[in-house]
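Undergrad: Once you've had a glance at the structure underneath, I'll fire off some questions.
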Amino acid sequence: MESAKIISRLPYSEPFLFVDEIISVDENSILGSFRFDENLDFYRGHFRNNPITPGVILIECMAQIGLAAFGIYLIKDETDRNVQFVFTSSEAEFLKPVFPGETVFVTSRKIYFRFGKLKCEVIMETEPGEKICKATLSGMITNQIVP
Amino acid sequence: MTQTEIIDTLKSIVKPYVQNQQAFETLDEKTDFVKDLQINSANLVDIALDTEDAFGIEIDNESMQRMLTVEAALSIIEEKRAQK
Chain A
24 MESAKIISRL PYSEPFLFVD EIISVDENSI LGSFRFDENL DFYRGHFRNN
74 PITPGVILIE CMAQIGLAAF GIYLIKDETD RNVQFVFTSS EAEFLKPVFP
124 GETVFVTSRK IYFRFGKLKC EVIMETEPGE KICKATLSGM ITNQIVP
Chain B
2 MTQTEIIDTL KSIVKPYVQN QQAFETLDEK TDFVKDLQIN SANLVDIALD
52 TEDAFGIEID NESMQRMLTV EAALSIIEEK RAQK
């Protein structure tokens with residue numbers, strides 16, 4: 024499944040889509056990238072006069088590539104397209120800040136995908152390969168979200 | 002492995018995911034993982050995977066769907082162990 028097809032099936036859109044490209048994907052791992060545009064609205068407030076990408080947005084970017092996009096690839100065409108994604112847990116360490124205009128690369132490796140739960144080791148890096156964040160993320164692919 | 006040993010092992014598997022400690026302390030066969038222990042569906046998957054490892058069994062999708070109470074878990078563990 025090619026990059027554009029996976030991204031078109033993601034349930035996000037601007038201003039909350041944090042995936043530009045899926046560079047490679049197979050049954051065990053996925054690699055994707057995103058460029059944090061200087062004009063993203065949250066930079067006005069995080070921080071005042073000192074724009075740095077919020078950690079929660081980095082985690083969101085890692086989850087969109089490492090769980091949602093990866094999950095779309097893993098379920099292929101076999102499953103109902105009306106599935107929903109639920110982010111269920113994260114444990115993360117931040118090692119380096121991301122400034123406006125930077126491009127990040129996210130690699131996610133499957134720990135397991137069973138009974139609809141995808142658990143992965145996810146790493147975000149800069150273009151030269153310096154680690155920004157490493158995390159263990161989990162999400163559920165489900166037919167309906169219980170309130 | 003006796004029934005008591007199976008329950009003790011199951012309790013040790015479930016413990017890290019329990020949100021309602023009071024319900025856990027009074028756990029019996031009727032205890033519901035979701036309603037009583039307030040475990041979410043993502044952690045039910047972890048419980049199933051830990052149960053597979055602890056008892057050397059494989060839990061299929063159909064069993065997973067009905068593994069919502071201690072009683073159901075015990076019957077699935079016994080059934081799968083008997084099949085080995």
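Those protein sequences? They're chains A and B, same order as listed.
Using the working numbering, the letters of the first sequence correspond one by one to residues 24 to 170.
Using the working numbering, the letters of the second sequence correspond one by one to residues 2 to 85.
Beta carbons: idealized from backbone N, C-alpha and C, even for Gly.
It should be emphasised that the depicted structure is a prediction, and the values quoted were computed from it without experimental measurement.
With 8 angstroms set as the bound, which would you pick, yes or no: does the beta-carbon of R137(A) sit closer than that to a beta-carbon of chain B?
TA: Numbered from its first residue, the first sequence carries residue 137(A) at position 114. Cβ-Cβ to chain B under 8 angstroms: yes for R137(A).
Undergrad: Can you grab the Cα-Cα spacing for the pair I58(B) / T76(A), in whole Å?
TA: Mapped onto the second sequence, residue 58(B) falls at position 57. Mapped onto the first sequence, residue 76(A) falls at position 53. Answer to the nearest angstrom: the Cα atoms are 45 angstroms apart.
Undergrad: Give, in chain order, every residue of the segment 60-75 of chain B whose Cβ lies closer than 8 angstroms to some Cβ of chain A.
TA: Within the segment 60-75 of chain B, the residues whose Cβ lies closer than 8 angstroms to any Cβ of chain A are, in chain order, N62, M65.
Undergrad: Take L38(B) as the anchor and find which of L69(B), A55(B), R82(B), E63(B) has the nearest alpha-carbon.
TA: Indexing the second sequence from 1 puts residue 38(B) at position 37. The option with the nearest alpha carbon to L38(B) is L69(B).
Undergrad: Terminal residues of the continuous alpha helix (DSSP H) containing E144(A)?
TA: Counted from its first residue, the first sequence places residue 144(A) at position 121. No alpha helix (DSSP H) contains E144(A), which is instead part of the beta strand (DSSP E) from 140-149.
Undergrad: Going along the chain, which residues of the segment 144-165 of chain A sit with their C-beta nearer than 7 angstroms to a C-beta in chain B?
TA: Along the segment 144-165 of chain A, the positions whose C-beta sits under 7 angstroms from a C-beta of chain B are S161, M163, read in chain order.
Undergrad: Just to confirm, are I7(B) and I48(B) a CB contact at a threshold of 8 angstroms?
TA: Along the second sequence, one-based indexing puts residue 7(B) at 6. Along the second sequence, one-based indexing puts residue 48(B) at 47. Not closer than 8 angstroms, so no.
Undergrad: Can you find at least 3 beta carbon pairs, one from the segment 16-26 of chain B and one from the segment 152-167 of chain A, that sit closer than 8 angstroms?
TA: no
Undergrad: Output needed for L33(A): all residues of its chain with C-beta closer than 8 angstroms, excluding positions within five of it in sequence on either side, in chain order.
TA: As a first step, residue 33(A) must be located in the first sequence, where it is residue number 10. Here the set comprises L40, V42, Q87, A91, A92, I95.
Undergrad: Starting from G57(B), trace the beta strand (DSSP E) in both directions and tell me its first and last residue.
TA: In the second sequence, the residue the question calls residue 57(B) occupies position 56. Careful: G57(B) lies outside any beta strand (DSSP E) and carries neither H nor E.
Undergrad: In the segment 33-79 of chain A, which residue ranges form an unbroken beta strand (DSSP E) of at least 3 residues, counting only runs that do not cross its ends?
TA: 44-48, 52-58
Undergrad: For L50(B), does the three-state DSSP call read helix, strand or coil?
TA: By 1-based counting over the second sequence, the position of residue 50(B) is 49. Residue state, collapsed to three classes: helix.
Undergrad: Put D33(B) into one of helix, strand or coil per three-state DSSP.
TA: Along the second sequence, read from residue 1 onward, the residue named residue 33(B) stands at position 32. If DSSP states are grouped into helix, strand and coil, D33(B) belongs with the strands.
Undergrad: Compute the distance between the beta-carbons of G89(A) and V127(A), then report whether it is under 8 angstroms.
TA: Your numbering for residue 89(A) matches position 66 in the first sequence. Your numbering for residue 127(A) matches position 104 in the first sequence. In this structure, V127(A) does not lie closer than 8 angstroms to G89(A) by Cβ.
Undergrad: Between the segment 108-121 of chain A and chain B, which residues of the former have CB atoms less than 8 angstroms from a CB of the latter, in chain order?
TA: V109, T111, S112
Undergrad: Please report the distance separating the alpha-carbon of R67(B) from that of A73(B).
TA: One-based indexing of the second sequence puts residue 67(B) at position 66. One-based indexing of the second sequence puts residue 73(B) at position 72. Those two C-alpha atoms are separated by around 7 angstroms.
Undergrad: Name, in chain order, the residues that DSSP records as bridge partners for T159(A).
TA: Sequence index remark: in the first sequence, residue 159(A) carries index 136 (1-based). Paired residues: E114(A), E144(A).
Undergrad: Hey, T10(B) and V71(B): beta-carbon distance below 8 angstroms or not?
TA: Looking up residue 10(B) in the second sequence gives position 9. Looking up residue 71(B) in the second sequence gives position 70. Going by C-beta atoms, T10(B) is not nearer than 8 angstroms to V71(B).
Undergrad: What are the boundary residues of the alpha helix (DSSP H) that includes Y96(A)?
TA: The sequence position of residue 96(A) within the first sequence is 73, counting from 1. First-last of the alpha helix (DSSP H) with Y96(A): 93-98.
Undergrad: What are the residues of the segment 44-57 of chain B that lie near chain A, defined by any Cβ-Cβ distance shorter than 9 angstroms?
TA: N44, L45, V46, D47, A49, L50
Undergrad: Hey, F56(B) and L45(B) are a contact pair by Cβ (cut 8 angstroms); roughly how many whole angstroms apart?
TA: The residue you call residue 56(B) lines up with position 55 of the second sequence. The residue you call residue 45(B) lines up with position 44 of the second sequence. Not quite, the Cβ-Cβ distance comes to about 16 angstroms (not below 8 angstroms), so this is no contact.
Undergrad: Using the Cα positions of V145(A) and G139(A), report the straight-line distance between them to the nearest angstrom.
TA: Numbered from its first residue, the first sequence carries residue 145(A) at position 122. Numbered from its first residue, the first sequence carries residue 139(A) at position 116. Whole-angstrom Cα-Cα distance: 18 angstroms.
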